[in-house]
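Okay, so here's the structure we're looking at.
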Amino acid sequence: MAAGLRTSREVGAAGGGADARFGPVVPPRSPSRTGAVSTAPARLPRLALDRLRSVRAGPARAALDVFAIRILAAGLAYGAQVLMARLMGGAEYGVFATVWVWVAILGHAATLGLSQGACRFLPAAQARGELAETRGFLVAASAVTAFVGLSLAVLGLGLVALADSPIGGAYALPILIAALVLPLFALQDLCEGIARSQNWAVLAIGPTYLLRQGLVMGAMIVAILAGAPAEAWVALACTLVATGLSAFVQAVLLLRRLRGVVPPGPRRFRWRAWLGACLPIAATDLAGAAFGFIDVVILAVLMPPEAVGLYFAATRIQQFVLFVHFAASAATAQRFSAAHALGDRAALAGLVGTQARATFAATSVVGLGLVTVGPLLLGLFGPDFAASLTPLAILVAGSVAASLFGPGEDLLTMLGGERLCAAITLGMLAVAAGASFLLIPPLGVAGAALAMAAATVLRGFALALAARAVHGLATPVWAGLRGTTRS
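The opening position of the sequence shown corresponds to residue 786 in the numbering used here, with each subsequent residue numbered one higher.
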């Protein structure tokens, strides 16, 4: 899919609901293991107290807003995938899917965690009135993301250009084009994070998940009508055009809105504090992106492109299940930080319980519905894609089971515990990789789905245990019924 893939960022914060001058108050450094913050509410700016009121009032509406956008985006993405699979056939579609997976992994990693870090540092600096620090972060994050993205693109181009490069054949030209997409993808990812930090939800995800999707479809149709071959490199060229245009539109709109809340002035840079917090988040992002795609990557190593195409089609439909978690996280993750910064344990525990129960219920309903209509949805890809129903059912079951354990990752990322979160994800990445190598040879695409589903459930369980240990909050669905929270 040319935008909106199955990644760990689906379970990360993605923006609040209503527009607000500033984002929620987030502590500038990681809190203690007890979850307590020494700053008293009386000493915080009045803005912080106002934000807490909005935190406690509007998460449900925000979740619905974001969920509606992502459902519409998923529909466009599904249409784009059906179009590409129909036009290209299973083999070329599999090549496209494999290359795009690497763009998503490296593109998310290229921000070095500064995209998510924006949700942590910008609201806190703005609430304290430290606009010089706000301007410094915006400049630093943009420069770092551009540099890393371009460096990775040059590296990719160099690997393909090597005379004895192992990258060749059907993958060479698609990878060359994908290398050009990568820095644009990374910059758009940063724009999304900055918009999320201001609670500009539509601006954060609209250009990425709506505009880019629509442009990909339009560009692909125009290209084929103009006589271009229905091959993977053409699909990636269309993605390059769509990513460039949507990133430009998003950047222009974001800069215009930022001028209203961050006037020009001096800049102050806190490189050590920013990178010290964001690099662990980047490690978590990279591990999470790799975790989300390891099944596709290993499948591409062990099986022909046709099998990758079959499996990738199943993951595209599974997106509808993952968007439930995305929407809930988008509405509440930053609110966790605001309530935590004010030491309001009751509000924090209530938000955790509400998100856990709502996410599990919605995930179950959406998952059951998708499996029920799965044959119809997969049939649109082509008659050969009926075999994708089994991996789809397995992946959906894994997502539903994992949702039982609640928002452990959100708590660790927003309140402190990034390194532990990254370590858990890396461990589960190893589990998923090992299980994939073990199960794919005898079971094919079903083996990849079983490996990923098992690792997803284990990761949810481990993150719930970690959130309990670090912050004293029980995140599983059943915990809220007992009211288990450690002071």
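Built from N, CA and C at the ideal position, the CB exists for glycine as well.
All values derive from a computational prediction rather than experimental measurement.
DSSP bridge partner residues for residue i (one or two, in chain order)
i, result
"Leu1177", "DSSP lists no partner for Leu1177."
Cβ pair residue i, residue j closer than 8 Å
i, j, result
"Ala1075", "Ile890", "yes"
"Ala1217", "Asp1080", "yes"
"Ala1238", "Leu1180", "yes"
"Leu988", "Leu1038", "yes"
"Ala1072", "Leu1214", "yes"
"Ile1102", "Leu1043", "no"
"Leu996", "Val1137", "no"
"Ala1251", "Cys1206", "yes"
"Ala1247", "Ile1209", "yes"
"Phe970", "Thr1028", "yes"
"Leu1163", "Ala1098", "yes"
"Tyr878", "Ala865", "no"
"Gly1159", "Leu1174", "yes"
"Ala978", "Gln901", "According to the sequence provided, residue 978 is Gly. The question's Ala does not apply to it. It is a contact, given that the beta carbons lie within the stated cut-off."
"Val1026", "Pro992", "no"
"Gly875", "Asp1169", "yes"
"Leu1200", "His1256", "yes"
Cβ neighbour criterion (16 or more within 10 Å) applied to residue i
i, result
"Ser1031", "buried"
"Pro1089", "exposed"
"Ile990", "buried"
"Leu834", "Bear in mind that the predicted position of Leu834 carries a pLDDT of just 46, short of 50, making it unreliable; the figure below should be weighed with that in mind. It is exposed - the Cβ of Leu834 has fewer than 16 other Cβ atoms within 10 Å."
"Ala946", "exposed"
"Ala1006", "It should be pointed out that residue 1006 corresponds to Ile in this sequence rather than to Ala. By the 10 Å Cβ count, Ile1006 comes out exposed."
"Ala827", "Per-residue confidence for Ala827 stands at a pLDDT of 43, beneath the threshold of 50, marking its modelled position as unreliable; the derived number appears in the next sentence. Exposed."
"Gly1045", "exposed"
"Ser982", "buried"
"Thr1100", "buried"
"Thr1157", "exposed"
"Ala903", "buried"
"Ala1011", "exposed"
"Trp985", "buried"
"Gly1050", "exposed"
"Val744", "Any property of residue 744 remains undetermined from this structure, which presents the chain solely from 786 to 1272."
"Ala926", "buried"
"Gly914", "exposed"
"Ala1264", "buried"
"Pro1227", "exposed"
"Gly1202", "buried"
"Val939", "exposed"
"Ala744", "The chain is shown from 786 up to 1272; residue 744 falls before or after that span and cannot be answered."
"Ala980", "buried"
"Leu1223", "exposed"
Residue i: CB within 7 Å of a non-hydrogen atom of the ligand MN
i, result
"Leu1165", "The ligand content of the structure shown is nil, which means the ligand MN is not present either."
Presumed contact (8 Å Cβ cut-off) between residue i and residue j, rounded CB distance
i, j, result
"Ala1036", "Cys976", "6 Å"
"Tyr956", "Val880", "6 Å"
"Leu1165", "Val1047", "45 Å between Cβ atoms; not a contact."
"Ala963", "Leu1021", "6 Å"
"Leu958", "Trp887", "About 15 Å separates the two Cβ atoms, so there is no contact after all."
"Ala1141", "Pro968", "The pair is not a contact, with the Cβ atoms about 37 Å apart (cut-off 8 Å)."
"Ala1015", "Met873", "5 Å"
"Ala895", "Leu923", "Going by Cβ atoms, the distance from Ala895 to Leu923 rounds to 17 Å, so no, they are not a contact pair."
Close Cβ partners of residue i (< 8 Å) along its chain, the five nearest in sequence each way excluded
i, result
"Gly921", "Arg1052, Arg1053, Phe1054 and Arg1055"
"Leu1084", "Ala1092, Val1093, Tyr1096, Ser1221, Ile1225, Val1230 and Ala1233"
"Leu897", "Val929, Thr930, Val933, Leu1060, Cys1063, Leu1064 and Ala1067"
"Val867", "Leu1165 and Phe1166"
"Leu942", "Leu961 and Ala964"
"Leu1243", "Met1213 and Val1216"
Sequence-distant residues of its chain with Cβ nearer than 7 Å to residue i (five each side left out)
i, result
"Thr1241", "Gly1183, Ser1184 and Ala1187"
"Thr1144", "Val1109, His1110, Ala1113 and Ser1188"
"Val1082", "Val886"
"Thr919", "Leu907, Ala910, Gln911 and Val1047"
"Ile1009", "Leu872 and Ala1015"
"Ser817", "Because the pLDDT of Ser817 is 36, which lies under 50, any placement of that residue in the model is unreliable, and the question is left without a value."
"Arg1204", "Pro1065"
"Gly1219", "none"
Chain-order list of residues whose beta-carbon lies under 6 Å from that of residue i (same chain, five-residue window excluded)
i, result
"Thr824", "Residue confidence is low: Thr824 scores 39 on pLDDT, short of 50, so the model does not pin down where it sits. Its coordinate-derived value is still stated next. None."
"Ala1147", "Val1109"
"Ala1172", "Leu1095"
"Gly1245", "Ala1187 and Phe1190"
"Leu1087", "Ile1225"
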